[in-house]
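Top line first, the protein sequences correspond to chains A and B.
Quick note on numbering: the first sequence equals residues 132 to 685 in this note's numbering.
Quick note on numbering: the second sequence equals residues 132 to 685 in this note's numbering.
Using N, Cα and C, we set each Cβ at its ideal position, and we do this for glycine too.
A quick note: this is a predicted structure, and the numbers were derived from the prediction, not measured.
Only one structure is covered here, and it is reproduced in the block below.
Number of protein chains: 2
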Amino acid sequence: MSEKDKTLSIFALGGINEIGKNMYVIEYGDDLLIVDCGAKFADESLLGIDLIIPDVTYLQQNEHKIRGLIVTHGHEDHIGGIPYFLKKIQCPIYATRFTLGLIELKLREHKILRESTLVEINSKSKLEFGDINVSFFRTSHSIPDCLGIVFHTPEGNIVHTGDFKFDLTPVNDQYSDIHKMAKIGEQGVIALISESTNAERPGLTPSEKVVGTHIEDAFFNATGKIIISTFASNVNRVQQIVNATMKTNRRLALLGRSMVNVVKVARDRGYVDIPDWMLIDAREVRNLPPEKVVVLCTGSQGEPLAALSRLSTNNNRDVKVLPNDTVIFAASPIPGNEKSVSKIVDNLFQLGAKVIYGSASITGMHVSGHGYQEDLKLMLTLMKPKYFIPIHGEYRMLHLHRLLAEEVGVEEGHTFIIRNGDVVDIKNQEARQTRKIPAGDTYVDNVGDDEIGDIVLRDRKVLSEEGMLVIVVTINKQDGNRISDPDSISRGFVYARNSEELIANVNEVVKQTIDPFKEANIMGMKRAIKKEVGNFLFEQTKKKPMILPIIIAV
Amino acid sequence: MSEKDKTLSIFALGGINEIGKNMYVIEYGDDLLIVDCGAKFADESLLGIDLIIPDVTYLQQNEHKIRGLIVTHGHEDHIGGIPYFLKKIQCPIYATRFTLGLIELKLREHKILRESTLVEINSKSKLEFGDINVSFFRTSHSIPDCLGIVFHTPEGNIVHTGDFKFDLTPVNDQYSDIHKMAKIGEQGVIALISESTNAERPGLTPSEKVVGTHIEDAFFNATGKIIISTFASNVNRVQQIVNATMKTNRRLALLGRSMVNVVKVARDRGYVDIPDWMLIDAREVRNLPPEKVVVLCTGSQGEPLAALSRLSTNNNRDVKVLPNDTVIFAASPIPGNEKSVSKIVDNLFQLGAKVIYGSASITGMHVSGHGYQEDLKLMLTLMKPKYFIPIHGEYRMLHLHRLLAEEVGVEEGHTFIIRNGDVVDIKNQEARQTRKIPAGDTYVDNVGDDEIGDIVLRDRKVLSEEGMLVIVVTINKQDGNRISDPDSISRGFVYARNSEELIANVNEVVKQTIDPFKEANIMGMKRAIKKEVGNFLFEQTKKKPMILPIIIAV
Chain A
132 MSEKDKTLSI FALGGINEIG KNMYVIEYGD DLLIVDCGAK FADESLLGID LIIPDVTYLQ
192 QNEHKIRGLI VTHGHEDHIG GIPYFLKKIQ CPIYATRFTL GLIELKLREH KILRESTLVE
252 INSKSKLEFG DINVSFFRTS HSIPDCLGIV FHTPEGNIVH TGDFKFDLTP VNDQYSDIHK
312 MAKIGEQGVI ALISESTNAE RPGLTPSEKV VGTHIEDAFF NATGKIIIST FASNVNRVQQ
372 IVNATMKTNR RLALLGRSMV NVVKVARDRG YVDIPDWMLI DAREVRNLPP EKVVVLCTGS
432 QGEPLAALSR LSTNNNRDVK VLPNDTVIFA ASPIPGNEKS VSKIVDNLFQ LGAKVIYGSA
492 SITGMHVSGH GYQEDLKLML TLMKPKYFIP IHGEYRMLHL HRLLAEEVGV EEGHTFIIRN
552 GDVVDIKNQE ARQTRKIPAG DTYVDNVGDD EIGDIVLRDR KVLSEEGMLV IVVTINKQDG
612 NRISDPDSIS RGFVYARNSE ELIANVNEVV KQTIDPFKEA NIMGMKRAIK KEVGNFLFEQ
672 TKKKPMILPI IIAV
Chain B
132 MSEKDKTLSI FALGGINEIG KNMYVIEYGD DLLIVDCGAK FADESLLGID LIIPDVTYLQ
192 QNEHKIRGLI VTHGHEDHIG GIPYFLKKIQ CPIYATRFTL GLIELKLREH KILRESTLVE
252 INSKSKLEFG DINVSFFRTS HSIPDCLGIV FHTPEGNIVH TGDFKFDLTP VNDQYSDIHK
312 MAKIGEQGVI ALISESTNAE RPGLTPSEKV VGTHIEDAFF NATGKIIIST FASNVNRVQQ
372 IVNATMKTNR RLALLGRSMV NVVKVARDRG YVDIPDWMLI DAREVRNLPP EKVVVLCTGS
432 QGEPLAALSR LSTNNNRDVK VLPNDTVIFA ASPIPGNEKS VSKIVDNLFQ LGAKVIYGSA
492 SITGMHVSGH GYQEDLKLML TLMKPKYFIP IHGEYRMLHL HRLLAEEVGV EEGHTFIIRN
552 GDVVDIKNQE ARQTRKIPAG DTYVDNVGDD EIGDIVLRDR KVLSEEGMLV IVVTINKQDG
612 NRISDPDSIS RGFVYARNSE ELIANVNEVV KQTIDPFKEA NIMGMKRAIK KEVGNFLFEQ
672 TKKKPMILPI IIAV
C-alpha cells in the first residue's frame with residue numbers, strides 16, 4: 132500500500148459512554164496499535180455476570196496488523212481484560228515497570244505469564260511500529276507510573292492522554308511532564324484523545340498531598356487501633372498512610388489479598404518506601420497494644436468479600452474491631468457502591484468503633500485521580516489539537532468536555548463525540564467520521580472464565596422476574612392421545628395462596644389444548660401449550676413466566 | 132385491667148434500620164394507636180418485587196385494641212402501605228387536609244375509598260382514645276401540612292416528631308410550631324421519638340426559599356422552553372416554580388400523572404396558588420413560542436416510566452425537547468437513583484438541551500426536608516425528653532442521633548436504639564427494652580397486588596444467577612426400568628460453547644444414577660439425580676443451577 136492509499140483511523144472498542152473496559156485503536160495502513168485493554172464490573176442487572184470486556188472481533192480479523200498493546204497505567208479498567216485478550220490474540224504488551232508488575236500478577240493468576248511477551252518502557256522510550264513511531268509523557272494519576280502516548284504518524288501526531296490530573300505537589304515525585312507536553316503541543320497535534328471522567332466538576336483537582344494531612348490528623352487523634360482502607364493500587368496514598376504510621380509510632384499490618392500483592396509489587400519495584408521493622412503480620416496484631424497498630428486493608432468500596440467487610444462483622448481470624456478503634460474510609464464510594472459501604476459503617480458502629488466515612492468534601496480522606504474541568508482545559512491548552520476526541524466517559528461527560536475544548540480554542544465541528552466502534556478517519560489532515568466497526572460487550576461469568584451469551588442472560592432475566600412453569604404430559608406416540616394427566620411445576624412464579632387452584636386450572640387448560648390433536652405432533656402441541664397457558668396466566672396473574680412444555684411420547 | 136397492671140409500650144413495625152415503610156405503635160392497656168403506614172420501594176436484589184410494606188401480624192392479632200391510624204404527612208414512606216393495611220384491618224385514619232387528599236387518591240385507585248373512615252384533623256385537634264389523649268404540633272418538611280404528635284398517657288407524654296426540619300423562612304407559611312414545642316417540653320416529655328434521616332449531616336438544613344432564588348435565576352437565563360422536574364408532593368417547591376413562571380411571563384403545563392393529581396389536590400385544598408390563566412394543557416405547548424412555556428413534570432429520580440424519561444427520548448406526543456431548551460432537575464437523586472438520572476441527562480444532552488443537574492451543593496436546586504444535626508439538636512433541646520428513641524434511619528444514623536442527644540443532655544443509657552419489633556416498655560416512668568413482637572417485610576408484587584413469599588423470591592434468585600436444568604426420564608411404573616433416554620433442557624445456565632457435550636454428559640450421569648434402581652422409587656430417583664448431577668455440574672462449571680428432575684412412570 133503506498134502512502135497515498137493509507138488512512139489514519141482512530142476508534143474505541145470500549146470506554147465510550149461508559150466508565151470501564153477502555154480499549155482504543157490507532158491504525159495506519161498495515162500497522163495497528165492498541166491502547167489499553169480494560170474490564171468493567173457488571174452491575175446487578177446483568178444477572179450472575181461478573182466481568183465485561185471489549186468485543187475484539189475486529190482485532191481478531193486484523194490480527195496480522197497488530198503491532199502491540201500499549202498500556203497507559205495499571206487500573207482494572209485499563210488492564211482487566213488483558214488475560215482474556217491474550218487468550219485470543221498474541222501480541223507484545225508495552226507498559227511501565229509498575230504497570231507491568233500488576234499485569235504480571237494477573238497473567239500469573241491465569242497461568243499465561245510464561246508465554247506472554249511483556250516489554251518494559253518508560254516515559255523516555257521511543258518505539259517504532261512500521262509507519263507509526265511512538266513516544267510518551269508522564270502524567271499524574273491515582274496510581275504510579277502513568278503514561279500519555281504520542282503517535283507520530285505520516286498524518287501528524289496523535290496524543291492519547293491516558294488517565295490524568297495535574298498534581299503540582301504529588302507524592303513520591305509522580306510529576307506530570309508539563310514541559311514535554313508543551314513541546315508536543317508546539318510541534319503540532321492533529322488529534323487529541325483525552326479522558327473525560329471529571330468533565331462535570333468545576334475547578335482543579337485537589338492534590339493527593341491534601342489527603343495526607345487529613346490522614347495524619349486522624350492518626351494523631353486516634354486512641355485505639357487504626358483500621359484504614361483504600362484502593363490497593365493507590366500506592367501514593369499507601370505511602371502517606373505509611374508516613375502517618377511512622378509519625379505516630381505504630382506498626383503496620385496489611386490485610387486483603389490485593390493489598391498484600393500490590394504493596395509487594397510496589398515495594399519490590401521501588402514505588403513505595405516501607406521500612407521492614409514497621410510491617411507486621413496480621414497474626415501479630417492481637418499481641419500489640421491497640422494504640423500501636425495500623426491495619427491497612429482492602430474493601431473501601433464495600434466489596435462483600437474484602438477485608439473490611441469481614442472486619443465489620445468481626446469475621447477475621449486475626450484482627451478484631453474493638454470499641455474505640457478508629458476505622459477510616461480513605462476513598463469515596465464509587466457511585467453504585469454507597470449501599471454496601473453504608474452497611475459496613477452500620478456494622479462498625481455496632482461494634483463500637485469510631486468511623487470516618489462519607490463525602491470526601493467533609494472528611495478530606497479522598498481526592499480524585501481524574502482532572503476536573505480546569506485540568507482538562509490545561510491539557511487542551513498545552514496540546515492545541517486540531518481535532519479533539521473526548522473518551523473515557525459517559526455521554527454527558529464527553530459533551531461537557533467538548534464545550535470545554537471549544538472554550539479554549541478547538542474549532543466548532545472539530546470535536547468527535549464517538550461511540551464504541553465509530554471510526555474517525557484522518558486523510559490529508561482532514562478528519563471525518565463515517566464508518567463503524569463491530570464493538571460491544573463480551574460477558575465473562577464469575578468462576579468459569581467462560582464467556583456467556585445474550586440468550587442465557589435474557590433467560591435469566593425472565594426467570595428472575597417472572598419465574599417459570601414446567602408442564603409435563605405423556606402421550607401415545609402412535610395416535611397422540613394423552614396417557615397421563617398434565618403435571619405442572621412452578622419455580623419463582625406462583626404466589627403462596629391460590630397456587631394449587633391456579634396450577635389445577637393450568638392443567639385443565641393444557642388438557643383442552645392438546646386433546647383435540649389427532650396425532651403425536653409434539654412441536655405443535657408445545658407451541659399450543661405455550662400460547663394458551665401463557666394467555667391464561669397473564670389473564671390470571673399479569674405475569675409472563677417462562678413456560679417449558681415437555682411432551683413425552685411413549 | 133386496672134392502671135397498675137397497664138404498661139406503656141412503644142415499638143416500630145417499620146422504619147428502623149431502613150428508610151421507608153414507617154409504622155410505629157403506641158400501646159397502653161387496651162388502647163393501641165398506630166402512627167403512619169408506609170411503603171418502601173424494592174431494590175433490584177428483590178427480583179420482580181415492587182413494594183415492601185410492614186408485616187402487620189401483631190396488629191391483626193390485636194385488632195380489638197386498635198383505636199386509629201394517625202398519619203403525620205403524605206409521603207409514600209408514611210402512607211404507601213395504607214391501601215394494603217385497610218384490606219386487612221378496619222380502622223379510622225386521622226390526617227390533615229392535604230395528607231387526606233393524597234390518601235384519598237390512593238384509596239380511590241384501590242377502589243376502597245367509600246368503605247374507609249377518614250377523619251380530618253389539624254394541629255389544633257385534640258383526640259381521646261381511651262386512656263390516651265392526643266394533641267399535635269406543626270412541623271416544616273418537604274410537603275405541606277405536617278404534624279408532630281403528642282400522646283398524653285398516664286405514664287407521661289410521648290412525642291413523635293414525624294419528619295421535620297426547622298425552616299424559619301418557609302414557603303406558603305408552613306411554619307413550625309416552635310412555641311408550642313417549647314411548651315410541650317416544659318410540661319415534660321417522658322420519651323421522644325424523633326426522625327434521624329440527616330443525622331450524618333453537620334449544620335442546619337437550608338431553607339426551601341434558597342431553592343426559589345436558584346430557580347428564578349435559571350428561569351431568567353433560559354432562552355428556549357423550560358422543563359423542570361421535582362417531586363410532585365413538594366408543593367412548596369411547585370409554588371416557587373409557579374412564582375418564577377409568573378415573573379418570566381411564561382405559561383405552565385403539567386406533565387405526569389402524579390404531578391397532575393397532586394397539584395389538583397393541592398389547588399383544590401388551597402396549598403398552592405396557581406392562577407387559571409397560567410395553566411395550559413400539554414397539547415398546547417407546541418402552539419406557543421418555546422420562550423413562553425414552562426413544563427413541570429415528574430421523573431426527577433430517573434423513573435423509567437415517568438414524564439421526564441419519556442421527554443429525554445422524545446417519546447412524548449405533545450412536548451418535544453428542542454435544542455436550547457433548558458431542563459432543570461429540581462431534586463437531588465436519592466442514593467441508588469444516580470444511574471437512571473445520568474442516563475436521562477445523557478439523552479437530553481444528545482437532544483441539544485442545556486441541563487441543570489447534579490449535586491445540590493453546586494446547582495442550588497434542592498434542599499432536604501429532613502433536619503440536619505443542628506435541627507435534630509434543637510428538637511431534642513426543646514423537648515428535653517427523659518428517654519429518647521431515634522427512628523426513621525439506618526443504624527449509623529440512629530447511632531449518630533444518639534450521640535447528638537447525649538451532647539444536648541439526654542442521659543447515657545436513656546437512648547434506645549431499637550430494631551423493628553423491639554418493644555420499649557414504660558412502667559412507673561422507667562423504660563426498659565426486653566420483649567420483641569413479630570415484625571418484618573411483606574412483599575407486594577407489581578401488578579397483582581398480591582403478596583409473595585420468601586420461597587418464590589429465593590427461587591428467583593437462584594434462577595437468575597445460576598439458571599436451571601430440567602431433566603426428564605420415563606420409567607416403567609412396575610419395575611422402575613428406564614423406558615426413554617434422559618432428556619435435559621437448560622435455561623439461563625449453559626454456555627453457548629460446549630453445551631451439547633455438557634448436556635450429553637449430564638444425561639449419561641442421569642442414566643448411571645437411576646439405572647441401578649430396582650423399583651419405581653420416584654422420590655429416591657429425584658433425590659439421587661439432584662445430588663449426582665449437581666455435583667457433576669459444579670465440578671464442570673462451578674455453577675449450581677436449579678435442577679428439576681421429572682420422572683414419568685408409565
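- Secondary structure at B/Pro521: strand, using DSSP grouped into helix, strand and coil.
- In the structure shown, the three-state DSSP call for A/Tyr574 is strand.
- The beta carbon of A/Phe351 sits no closer than 8 Å to any beta carbon of chain B.
- Under the Cβ criterion of 8 Å, B/Thr457 is not counted among the residues facing chain A.
- For A/Asp136, the closest Cβ of chain B is not nearer than 8 Å.
- Note on geometry: alpha-carbon atoms of A/Arg441 and B/Glu525 lie some 20 Å from one another.
- The continuous stretches of beta strand (DSSP E) do not include A/His532, which lies in the alpha helix (DSSP H) extending over residues 526-538.
- Remark: fewer than three beta-carbon pairs, one from each stretch, lie closer than 8 Å, so the region 462-475 of chain A and the region 413-427 of chain A are not flagged as touching.
- In terms of Cα proximity to A/Thr573, the closest of A/Leu163, A/Glu158, A/Tyr518, A/Gly169 is A/Gly169.
- Note: A/His283 is bridge-paired with A/Asn264, A/Asn288 in the DSSP secondary-structure output.
- At the C-beta level, A/Leu600 and A/Ile678 come within 8 Å of one another.
- Of all residues in the region 599-616 of chain B, only Met599, Val601, Val603, Thr605, Ile614, Ser615 place a beta-carbon less than 8 Å from a beta-carbon of chain A.
- With distances taken between CA atoms, B/Ser621 lies nearest to B/Ala635 out of B/Asn392, B/His345, B/Ala635, B/Ile197.
- For A/Gly205, there are no neighbours in chain B by C-beta distance under 9 Å, as the nearest C-beta there is about 26 Å away.
- At the C-beta level, B/Ile324 and B/Gln560 stay beyond 8 Å of one another.
- Per DSSP, reduced to three states, the secondary structure at B/Val593 is helical.
- With 16 or more other Cβ atoms inside 10 Å of its own Cβ, B/Arg332 counts as buried.
- Taking all protein chains shown into account, B/Gly279 has 16 or more neighbouring C-beta atoms within 10 Å of its C-beta and is therefore buried.
- Within the region 514-541 of chain B, Glu525, Tyr526, Arg527, His530 place their CB atoms closer than 7 Å to a CB of chain A, listed in sequence order.
- When secondary structure is reduced to three states using DSSP, B/Val341 falls in the helix class.
- As a beta-bridge residue in DSSP terms, A/Arg563 pairs with A/Asp556.
- Three or more Cβ pairs drawn from the region 498-507 of chain B and the region 326-345 of chain B lie within less than 8 Å of each other, which places the two stretches in contact.
- Under a criterion of Cβ atoms nearer than 8 Å, no residue of chain A is adjacent to B/Phe216; the nearest Cβ is some 18 Å distant.
- Separation of A/His206 and B/Gly489 (C-alpha to C-alpha, rounded to the nearest whole angstrom) is 26 Å.
- If you ignore the 5 residues before and after A/Lys257, its C-beta comes within less than 8 Å of the C-beta of Asn264, Val265, Ser266, all in its own chain and listed in chain order.
- Secondary-structure assignment with DSSP links A/Ala330 through no beta bridge to anything.
- The C-alpha of B/Phe460 is placed about 31 Å away from the C-alpha of A/Ile487.
- At least one C-beta of chain A is nearer than 8 Å to the C-beta of B/Gln481.
- Looking from the CA of B/Ile213, the closest CA among B/Arg448, B/Arg239, B/Val640, B/Pro617 belongs to B/Arg239.
- The beta carbon of B/Gly552 does not come within 8 Å of any beta carbon belonging to chain A, so the residue lies off that interface.
- A distance below 8 Å separates the beta carbons of B/Ile549 and B/Ile147.
- Within a 10 Å sphere around the beta-carbon of A/Glu543 sit fewer than 16 other beta-carbons, which makes this residue exposed.
- Using a C-beta cut-off of 8 Å, the region 302-311 of chain A makes no contact with the region 220-235 of chain A, since fewer than three inter-stretch Cβ pairs fall below that distance.
- Between A/Phe229 and the set A/Gln221, A/Ile274, A/Arg198, A/Pro569, the nearest pair of CA atoms involves A/Ile274.
- For A/Gly355, no Cβ of chain B is located within less than 8 Å of the residue's own Cβ.
- Taking a Cβ-Cβ threshold of 9 Å, the residues of chain B close to A/Glu469 are Pro466, Gly467, Glu469, in chain order.
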